[in-house]
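Asker: These protein sequence lines map, in sequence, to chains A and B.
Taking this note's numbering, I'd label the letters of the first sequence as residues 1 to 447.
Taking this note's numbering, I'd label the letters of the second sequence as residues 1 to 447.
Number of protein chains: 2
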Amino acid sequence: MIDAQRSPLLTDLYQLTMLEAYFQSRIEDTAVFEFFVRRLPEQRNFLVAAGLEQTLTFLQGLHFDQEELDWLAASGKFKPGFIDRLACLRFTGEVDAMAEGTVFFADEPILRVIAPMPEAQLVESRLVNLLHLQTLIASKAARCVLTAPDKQLVDFGMRRAHGAEAAMAAARASYLAGFAATATVLAEQRFGIPTVGTMAHSFVQAHDGEEEAFLNFARCHPDNAVLLIDTYDTLRGARRVVELAPRLAAEGIALRGVRIDSGDLGALSREVRKILDTGGCAALKIFLSGNLDEFRLDELVRAQTPADGFGIGTHLDVSEDAPSLDCVYKLQEYAGMPRRKRSSGKATWPGRKQVFRHLDGAGRLSRDVLGLLDEESPGQTLLHPVMRGGERLRAAPALAQSREYCAQQLATLPEPLRGLHPARTPYPVGVSDALAALASRVDAAFA
Amino acid sequence: MIDAQRSPLLTDLYQLTMLEAYFQSRIEDTAVFEFFVRRLPEQRNFLVAAGLEQTLTFLQGLHFDQEELDWLAASGKFKPGFIDRLACLRFTGEVDAMAEGTVFFADEPILRVIAPMPEAQLVESRLVNLLHLQTLIASKAARCVLTAPDKQLVDFGMRRAHGAEAAMAAARASYLAGFAATATVLAEQRFGIPTVGTMAHSFVQAHDGEEEAFLNFARCHPDNAVLLIDTYDTLRGARRVVELAPRLAAEGIALRGVRIDSGDLGALSREVRKILDTGGCAALKIFLSGNLDEFRLDELVRAQTPADGFGIGTHLDVSEDAPSLDCVYKLQEYAGMPRRKRSSGKATWPGRKQVFRHLDGAGRLSRDVLGLLDEESPGQTLLHPVMRGGERLRAAPALAQSREYCAQQLATLPEPLRGLHPARTPYPVGVSDALAALASRVDAAFA
Numbered sequence: 001m002i003d004a005q006r007s008p009l010l011t012d013l014y015q016l017t018m019l020e021a022y023f024q025s026r027i028e029d030t031a032v033f034e035f036f037v038r039r040l041p042e043q044r045n046f047l048v049a050a051g052l053e054q055t056l057t058f059l060q061g062l063h064f065d066q067e068e069l070d071w072l073a074a075s076g077k078f079k080p081g082f083i084d085r086l087a088c089l090r091f092t093g094e095v096d097a098m099a100e101g102t103v104f105f106a107d108e109p110i111l112r113v114i115a116p117m118p119e120a121q122l123v124e125s126r127l128v129n130l131l132h133l134q135t136l137i138a139s140k141a142a143r144c145v146l147t148a149p150d151k152q153l154v155d156f157g158m159r160r161a162h163g164a165e166a167a168m169a170a171a172r173a174s175y176l177a178g179f180a181a182t183a184t185v186l187a188e189q190r191f192g193i194p195t196v197g198t199m200a201h202s203f204v205q206a207h208d209g210e211e212e213a214f215l216n217f218a219r220c221h222p223d224n225a226v227l228l229i230d231t232y233d234t235l236r237g238a239r240r241v242v243e244l245a246p247r248l249a250a251e252g253i254a255l256r257g258v259r260i261d262s263g264d265l266g267a268l269s270r271e272v273r274k275i276l277d278t279g280g281c282a283a284l285k286i287f288l289s290g291n292l293d294e295f296r297l298d299e300l301v302r303a304q305t306p307a308d309g310f311g312i313g314t315h316l317d318v319s320e321d322a323p324s325l326d327c328v329y330k331l332q333e334y335a336g337m338p339r340r341k342r343s344s345g346k347a348t349w350p351g352r353k354q355v356f357r358h359l360d361g362a363g364r365l366s367r368d369v370l371g372l373l374d375e376e377s378p379g380q381t382l383l384h385p386v387m388r389g390g391e392r393l394r395a396a397p398a399l400a401q402s403r404e405y406c407a408q409q410l411a412t413l414p415e416p417l418r419g420l421h422p423a424r425t426p427y428p429v430g431v432s433d434a435l436a437a438l439a440s441r442v443d444a445a446f447a
Numbered sequence: 001m002i003d004a005q006r007s008p009l010l011t012d013l014y015q016l017t018m019l020e021a022y023f024q025s026r027i028e029d030t031a032v033f034e035f036f037v038r039r040l041p042e043q044r045n046f047l048v049a050a051g052l053e054q055t056l057t058f059l060q061g062l063h064f065d066q067e068e069l070d071w072l073a074a075s076g077k078f079k080p081g082f083i084d085r086l087a088c089l090r091f092t093g094e095v096d097a098m099a100e101g102t103v104f105f106a107d108e109p110i111l112r113v114i115a116p117m118p119e120a121q122l123v124e125s126r127l128v129n130l131l132h133l134q135t136l137i138a139s140k141a142a143r144c145v146l147t148a149p150d151k152q153l154v155d156f157g158m159r160r161a162h163g164a165e166a167a168m169a170a171a172r173a174s175y176l177a178g179f180a181a182t183a184t185v186l187a188e189q190r191f192g193i194p195t196v197g198t199m200a201h202s203f204v205q206a207h208d209g210e211e212e213a214f215l216n217f218a219r220c221h222p223d224n225a226v227l228l229i230d231t232y233d234t235l236r237g238a239r240r241v242v243e244l245a246p247r248l249a250a251e252g253i254a255l256r257g258v259r260i261d262s263g264d265l266g267a268l269s270r271e272v273r274k275i276l277d278t279g280g281c282a283a284l285k286i287f288l289s290g291n292l293d294e295f296r297l298d299e300l301v302r303a304q305t306p307a308d309g310f311g312i313g314t315h316l317d318v319s320e321d322a323p324s325l326d327c328v329y330k331l332q333e334y335a336g337m338p339r340r341k342r343s344s345g346k347a348t349w350p351g352r353k354q355v356f357r358h359l360d361g362a363g364r365l366s367r368d369v370l371g372l373l374d375e376e377s378p379g380q381t382l383l384h385p386v387m388r389g390g391e392r393l394r395a396a397p398a399l400a401q402s403r404e405y406c407a408q409q410l411a412t413l414p415e416p417l418r419g420l421h422p423a424r425t426p427y428p429v430g431v432s433d434a435l436a437a438l439a440s441r442v443d444a445a446f447a
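This is the structure:
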């Protein structure tokens, strides 16, 4: 079976029909496309760029396998000469991008592709697919991290992520944004993300009683057992842990903590904390899960809930309150001429652009300016070269390094942008005089 | 790189830590798990079962590769004996399920696994992941199909689906639910789903003018060109099509239609229809796209918008208004003893269950009864054997056949459930006396 994650057939049909027309009409000059988000979701004051590494891997490996070429030929949709062209197609272009973990805003390109038109066009659908997903999750995860900076946050969402790639992307993007760990085993194997886990209700239910279940689990995992105490009655479960702890200690087994997955998590954790503390189990940690998101997290943290960690599942992995971003990959220049889409409500800024960022005296974000790549403008530049001639300019940074960078980026957020609710005034992103002038010239030329 | 879609490492860590404890404590007797949705999303009056075939493929192929075993061993998380057990682990169990395309409701199991506890437990995370995704999308797609039954609906959402597998699942699940086609090329290669496509704004922009772009595209695709007319000015674009059509006809080229992707789609399509009709282009079809979902579709259909087809993208592929289902895979019986989770707000019905469906005289759904598998009860039974001894009982039905079955299922929906807004009274799903009695007995036994 063709691997969907690698295949150039994971694309919209029109990419191929357009490609055939580009070749036939010799529209093979240099094209400049930029990826950006048109509008932030209502509940997002900023976004976090992610997915660049998977995108570069896709671009670097772009090619049609024989099986794919044969299928295209047999489909009857294309002329034989086109299939021959596809057989030698590779991505030979340039990519500039914001580093993963960079905080960004609407209209700011986070990635630019410069390549012969057919190459730059063909990669659109999958490039958007890859950047969208991880940026979506990293942005949601960052809100959780800002809400509970001192807690251990863990991605628990694999089972309801939208498929295998989404589950892996969620583990990666949430870790990048500051999560401590994931429950997804393959994410440790592939990305080196720490994994943690406890037990499920089914484990408790498979035993004749909770006590037997707790003992069996702790004896099997003597160093780090976290017991799920809410299968039947949470407080009774906590008292059972207190009873068993000395017996287990006598066997050399130290429990790590308990997990509560249902009920009034705030009230229950206070009571459980009391039971554990008065029962000589002050060292045991309390982990909470069950339908959590950044808003619920905020309530729990504000109420000083005595929890050490939180498992955030479905709401994180599907970005429940904003499951998509209005992101696009738009042609900004072709054959040296800036281009601008003027569709109603969807106009874009033409040309090759740079984002210039200004910080205040305290190192917090003050304003960004969207300008032309080649203009002289003060401020930090956010887009940097990452690929030339279809090859990465350097090895992918370690994920831990990108995570550290993301933490620095989040530290630059001014107070109004850190909140969970829409900031009264959105972050100012201006347009440079040079860019505004270019847009006017393009409009005049195409009027 | 390990293939995430196949790997048993795409799971929650606790599945493996529980497994180790199951082996160590010899909890290897027969377990019965059922997959069901606890509550329907507010905007869903019914759901459509989907994803069974991918789930069976996963179960049938379940095994740990040497690379996976080596990594687990090196992780230091597990004892060597456990790795040996994993090396020989296969799925040897039974599966009963609702056919793909079946309409179902809260609390109704759509799939049951009966297998030795370790096998039945290990498969949980990925099984939920697979069934959740396609059921989610099929249920969203069915709403679109019911809203616009006479229109050509096309999945346009690949680029913002949550990754590669989600894009493929969205194409498959929406076709199953009655969509006519997808834009995703690989979905035609893998599933035989018809693909359609038009052109992108970038294609028009890459040319010096719209006319040149239209001519080049039509000449390359003389049988089925659909021209995107909203890049600069939709009505001017439509008039240009009218001007070019006779020239192209003289070359033997028949345009298929136009697409509008922005602006007031209802008003624009009426004006465009007039321009085309009065310009001798009455045969040209109008396709609409741009931020569509079933609600927008409903408005357009009610307004008798003269459109022939609709591309539904992001809203479909991420199920925007309800991006997750509250679905679970719960232990219902272990070693012959029914089990019941009683966590606050999350209690489940114990035992092996069947759904008995009652239709009214007109063949419309009247009520369902959740009962025990072995009880005598009137009504159609919805769960059927699909796997025994880890092997499929029959080849997967053709997708077209499941699609036909789904259409029949949707035809059984009574009027109140067909609407887009929550039905005043939800569909009645009763519980049989035998099941209620069993639940009481289980509660008493574990009290």
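Virtual Cβ for every residue (Gly too), placed ideally from N, Cα, C.
1) Does Thr-425 of chain A pass the burial test, meaning 16 or more other C-beta atoms within 10 Å, or should it be called exposed?
2) Which residues in the same chain as Ile-114 of chain B place their Cβ atom closer than 7 Å to its Cβ, once the five residues preceding and following it in sequence are excluded?
3) With 16 other CB atoms within 10 Å as the buried threshold, where does Pro-80 of chain A fall?
4) Say whether chain B places a C-beta atom closer than 8 Å to the C-beta of Pro-323 of chain A.
5) Which chain A residues are close to Tyr-175 of chain B, counting only those with a beta carbon under 7 Å from its beta carbon?
6) To be precise: take each residue of the region 154–171 of chain A, compare its Cβ to all Cβ atoms of chain B, and keep it if any distance is under 7 Å. Which residues remain?
7) List, from N- to C-terminal side, the beta strand (DSSP E) runs of 3 residues or more that fit wholly inside the region 313–390 of chain A.
8) Can you name, in chain order, every residue of its own chain whose Cβ lies under 8 Å from the Cβ of Arg-270 of chain B, other than the five neighbours on each side?
9) Between B:Thr-102, B:Asp-261, B:Gly-309, B:Leu-9, which has its C-alpha nearest Leu-410 of chain B's C-alpha?
10) On the three-state DSSP scale, how would you describe Pro-116 of chain A?
11) Enumerate in chain order the residues of its own chain whose CB-to-CB distance from Tyr-14 of chain A is below 7 Å, with the five nearest sequence positions on each side excluded.
12) Please report the distance separating the alpha-carbon of Gln-24 of chain A from that of Pro-116 of chain A.
13) Are the beta-carbon atoms belonging to Ser-319 of chain B and Glu-375 of chain B less than 8 Å from one another?
14) Just checking my contact of Val-154 of chain A with Gly-311 of chain A at CB under 8 Å: how many whole Å lie between their CB atoms?
15) Look up Ala-454 of chain B in the DSSP assignment and say whether it is helix, strand or coil.
16) Along the region 221–254 of chain B, what residues have a CB closer than 7 Å to any CB found in chain A?
17) Scan the region 187–201 of chain B for residues whose Cβ lies nearer than 8 Å to a Cβ of chain A and list them as they occur along the chain.
18) Could you check if Cys-267 of chain A is buried or exposed, using at least 16 other CB atoms within 10 Å of its CB as the buried criterion?
19) What is the DSSP secondary structure of Lys-151 of chain B, reduced to helix, strand or coil?
20) Three or more C-beta pairs under 8 Å: does that hold for the region 61–69 of chain B against the region 2–9 of chain B?
21) Show which residues of chain A have a CB atom less than 7 Å away from the CB atom of Arg-339 of chain B.
22) Would you verify that the beta carbon of Arg-39 of chain A is, or is not, closer than 8 Å to some beta carbon of chain B?
23) Under the DSSP definition of a beta bridge, which residues are partnered with Glu-68 of chain B?
24) Using a beta-carbon distance cut-off of less than 8 Å, what residues from the region 95–120 of chain B approach chain A?
25) Please tell me whether Leu-331 of chain A has its Cβ less than 8 Å away from any Cβ of chain B.
26) Taking Ser-440 of chain B as the query, report the chain A residues whose CB atoms sit under 7 Å from its CB, ordered along the chain.
27) Mind checking whether Cys-327 of chain B and Val-37 of chain B have CB atoms under 8 Å apart?
28) Which residue marks the beginning of the beta strand (DSSP E) containing Asp-84 of chain A, and which one marks its end?
29) List the whole-angstrom C-beta distance separating Val-272 of chain B from Ala-238 of chain B, where the pair is believed to meet the contact cut-off of C-beta under 8 Å.
30) Whose C-beta lies closer than 7 Å to the C-beta of Thr-135 of chain A among residues of the same chain, with five residues either side of it excluded?
31) Just to confirm before moving on: does the CB-CB distance between Met-337 of chain A and Met-199 of chain B stay below 8 Å?
32) My parser needs the beta strand (DSSP E) runs of 3 or more residues fully inside the region 235–302 of chain B; what are they?
33) Take the Cβ of Thr-314 of chain B as the centre, count every other Cβ of all protein chains shown within 10 Å, and call the residue buried at 16 or more, exposed below.
34) Rounded C-beta distance between Ala-282 of chain A and Arg-256 of chain A? I'm assuming under 8 Å.
35) Gln-455 of chain A versus chain B: which residues are under 9 Å apart at the beta carbon?
36) Run down chain B in chain order and give the residues with a C-beta less than 7 Å from the C-beta of Gln-5 of chain A.
Answerer: If we stick to the structure as given:
1) exposed
2) Thr-30, Val-32, Gly-93, Glu-94
3) exposed
4) Yes, because at least one Cβ of chain B sits closer than 8 Å to the Cβ of Pro-323 of chain A.
5) The premise fails here: Tyr-175 of chain B is roughly 14 Å from chain A at the closest Cβ pair, so nothing lies under 7 Å.
6) Shown in chain order are the members of the region 154–171 of chain A whose Cβ falls below 7 Å from a Cβ of chain B: Met-158, Arg-159, Arg-160, Ala-161, His-162, Gly-163, Ala-164, Glu-165, Ala-166, Ala-167, Met-168, Ala-169.
7) 327–334, 353–359, 365–372, 384–388
8) Thr-305, Pro-306
9) Nearest C-alpha to Leu-410 of chain B: B:Thr-102.
10) strand
11) none
12) 14 Å
13) No; because the gap between Cβ atoms is not below 8 Å, this pair is not in contact.
14) 5 Å
15) Look at the range of chain B in this structure, 1 to 447, and you will see that residue 454 of chain B is not part of it.
16) His-221, Asp-230, Thr-231, Tyr-232
17) Glu-188, Gln-189, Arg-190, Thr-195, Val-196, Gly-197, Thr-198, Met-199, Ala-200, His-201
18) It should be pointed out that residue 267 of chain A corresponds to Ala in this sequence rather than to Cys. Counting Cβ neighbours within 10 Å, Ala-267 of chain A comes out exposed, since fewer than 16 surround it.
19) coil
20) yes
21) Gln-205
22) no
23) Partner(s): none; Glu-68 of chain B has no beta bridge.
24) Met-117
25) yes
26) Here the premise fails: no neighbours, minimum Cβ distance about 16 Å.
27) Result yes, Cβ atoms of Cys-327 of chain B and Val-37 of chain B sit closer than 8 Å.
28) Where Asp-84 of chain A is concerned, there is no enclosing beta strand (DSSP E), although the alpha helix (DSSP H) it sits in stretches over 80–87.
29) 4 Å
30) Counting only Cβ-Cβ distances below 7 Å, and skipping sequence neighbours, we find Leu-47, Val-48, Ala-49, Ala-50, Gly-51, Leu-325.
31) no
32) Listed in chain order, the complete beta strand (DSSP E) runs (minimum 3 residues) inside the region 235–302 of chain B are 257–260, 285–288.
33) buried
34) About 13 Å; that fails the 8 Å criterion.
35) The requested residue 455 of chain A is not part of the displayed model; chain A covers only 1 to 447.
36) Ala-164
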